[in-house]
Amino acid sequence: MVAGCKLEVAHDPKAAIELTSTPLSPEIFGEGIISTSLYERDIAIHPSGNELIYTLADYKQNRRCLVVLQKTEQGWSEPRILPFSGQYQDIEPFFAHEGERLFFASNRPIFQDSSRNDYNIWYSDRKAGSWGEPQALSEAVNQKGDEFFPSVSESGNLYFTAARQAGPGREDIYYAKAGKDGFEQAVPLDSNINTALFEFNAYISPKEDLIVFSSFGRADDMGGGDLYYSIKDSMGNWMPSSNMGAGINSEKLDYSPFIDWERGNFYFTSERVEQLPASWKEVAELRAYANQYGNGFGNIFRVSLEKLELTPRQE
């Protein structure tokens, strides 16, 4: 039997969750409630601003769950695991269809094949206030091998990451056009986005004119993987991608971007360390450091969208 996630929260979320402030430099989001000593990543915010979903994991990401907070007249609810999550590895939520469809990645069995445990793209529709049984996308998207980090445009087109032998790199960003009966066959984005290295976890803007993603191993990589972006030119083609720079990236892994357009913030996950002590004299000091946010496991950060210069690189 596969063990599920258990969620324990010892803080009042009403005091720590606030979506409207726009910090001028990256700050930890929801400290002590969302960003804790555990591993948090992959935030999705409902267009209304009254609901947010993120991935919560243990320190080594042995088990990952989708966790939701909802805002009522009394304030934010306690974090709770979504009803369909907790048994399998569920990650990387994304709201679509005005917030009533939730896309995510999961390694749950697919296509009635109990032997498969690769990651695939799934979705759940909300009806009468309740999330339905998750449904897998077709083989136009989900093939043998991993597919993850779904992001859906205003027109319903899907962008996601896949690790495929025929792809241009180790991991690549793919595009699947929305069709009448689902999605058309997915294709990789061009060489202004994908390289022979790792490109992954791409956020697409509603109009599909901005893409933000992570890459690992490029010449300008600052450390464990950086956030990059590209915009489209006047012909509708992606321009050469640019590193988002030291104001966003760190020497650790920075990834899983999300933009809350309604409230003007850019969110991302980082494994950066906040104020690592020069030394420890007592075991209690080390334990205290390990049991707080900013300890080098994943936390969710945000920064004002206006402070980011998402403009094309000048050659």
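Everything in the sequence shown is counted per our numbering, starting at 978 for the first residue and increasing by one. Glycine included, C-beta positions come from ideal geometry on N, C-alpha and C.
Problem set entry | Exposure of W951, with buried meaning 16 or more beta-carbon neighbours within 10 Å | Nothing in the structure corresponds to residue 951, since the chain is present only between 978 and 1292.
Problem set entry | Simplified DSSP state of Y1266, which is helix, strand or coil | In the sequence shown, the residue the question calls residue 1266 occupies position 289. Secondary structure at Y1266: helix, using DSSP grouped into helix, strand and coil.
Problem set entry | Whole-number beta carbon distance between Y1036 and E1017, since they are thought to touch under 8 Å | The sequence position of residue 1017 within the sequence shown is 40, counting from 1. The sequence position of residue 1036 within the sequence shown is 59, counting from 1. The Cβ separation is near 11 Å, so there is no contact.
For this session: Measure from the C-beta of D1237 to each C-beta in chain D and report whether the shortest distance is under 9 Å.
Result: You won't find chain D in this structure, because it holds only one protein chain.
Exercise. With a cut-off of 8 Å, do at least 3 Cβ pairs link the segment 1273 to 1286 to the segment 1045 to 1052?
Worked result: With the rule of 3 Cβ pairs closer than 8 Å, the segment 1273 to 1286 does not count as touching the segment 1045 to 1052.
Exercise. Going by C-alpha distance, which of I1068, I1058, I1022 and N1027 is nearest Q1038?
Worked result: Start at 1 with the first residue of the sequence shown, and residue 1038 comes out as number 61. Looking at I1068, I1058, I1022 and N1027, the one whose alpha-carbon comes closest to that of Q1038 is I1068.
Exercise. What first and last residue would you give for the beta strand (DSSP E) that runs through K1048?
Worked result: Position 71 of the sequence shown, counted from the start, is the residue given in the question as residue 1048. From DSSP, the beta strand (DSSP E) with K1048 extends over R1041 to T1049.
Problem set entry | With 16 other Cβ atoms within 10 Å as the buried cut-off, status of T997 | Within the sequence shown, residue 997 is the residue found at index 20, counting from 1. By the neighbour-count criterion, in which 16 or more other beta carbons inside 10 Å mark a residue as buried, T997 falls on the exposed side.
Problem set entry | Inter-residue Cα distance where the pair is A1306 and G1122 | Any answer about residue 1306 is impossible in this case: the structure gives the chain only from 978 up to 1292.
Exercise. According to DSSP, is A980 helix, strand or coil?
Worked result: Position 3 of the sequence shown, counted from the first residue, corresponds to residue 980. Note on A980: pLDDT 43, under 50, position unreliable in the model; no value is reported.
For this session: Could you spell out the range, first to last residue, of the beta strand (DSSP E) harbouring F1274?
Result: Taking the sequence shown and counting its residues from 1, the one referred to as residue 1274 is at position 297. F1274: not part of any beta strand (DSSP E); DSSP gives it neither H nor E.
Problem set entry | Element boundaries [beta strand (DSSP E), containing I1011] | Mapped onto the sequence shown, residue 1011 falls at position 34. First-last for I1011: undefined, no H or E at that position.
Exercise. Do you know how far the Cα of D1186 is from the Cα of S1207?
Worked result: Here residue 1207 corresponds to residue number 230 of the sequence shown, with the count starting at 1. Here residue 1186 corresponds to residue number 209 of the sequence shown, with the count starting at 1. Distance from the CA of S1207 to the CA of D1186, rounded to the nearest whole angstrom, comes to 8 Å.
For this session: Provide the residue span of the beta strand (DSSP E) that contains Y1065, from first to last.
Result: The residue you call residue 1065 lines up with position 88 of the sequence shown. For Y1065, there is no enclosing beta strand (DSSP E), as DSSP marks it with neither H nor E.
Exercise. So what does DSSP say about G1076, is it helix, strand or coil?
Worked result: Indexing the sequence shown from 1 puts residue 1076 at position 99. The three-state secondary structure of G1076, taken from DSSP, is helix.
For this session: From the DSSP output, in three-state form, read off A1261 for me.
Result: As a first step, residue 1261 is located in the sequence shown; it is residue number 284 there, counting from the start. In the three-state scheme derived from DSSP, where H, G and I count as helix and E and B as strand, A1261 is classed as helix.
For this session: Would you mind sorting I1277 into buried or exposed? The rule is 16 or more other CB atoms within 10 Å of its CB.
Result: In the sequence shown, the residue the question calls residue 1277 occupies position 300. So I1277 counts as buried.
Problem set entry | the segment 1019 to 1026 contacting the segment 1059 to 1076, beta-carbon criterion three pairs below 8 Å | The answer is yes - the segment 1059 to 1076 touches the segment 1019 to 1026, with three or more Cβ pairs under 8 Å.
Problem set entry | Candidates F1081, N1226, E1176 and G1076: closest to V1250 by CA position | Counting from one through the sequence shown, the residue named residue 1250 turns up at place 273. Answer by Cα proximity: N1226.
Problem set entry | Helix, strand or coil at K1284 according to DSSP, with G and I counted as helix | Position 307 of the sequence shown holds residue 1284. K1284 falls in the helix class under three-state DSSP.
Exercise. Does the segment 1143 to 1153 come within contact of the segment 1171 to 1178, defined as at least 3 CB pairs closer than 8 Å?
Worked result: Counting Cβ pairs under 8 Å, three or more are found: they touch.
Problem set entry | contact_flag[the segment 1191 to 1210, the segment 1231 to 1243] where n(CB pairs < 8 Å) is 3 or more | Judged by pairs of C-beta atoms under 8 Å, the segment 1191 to 1210 touches the segment 1231 to 1243, as three or more such pairs exist.
For this session: Provide the residue(s) that pair with S1020 in DSSP beta bridges, ordered along the chain.
Result: Locating residue 1020 in the sequence shown gives position 43, where the first residue counts as 1. First, the amino acid is wrong: residue 1020 is Ile here, not Ser. According to DSSP, which records beta bridges pairwise, I1020 is partnered with nothing at all.
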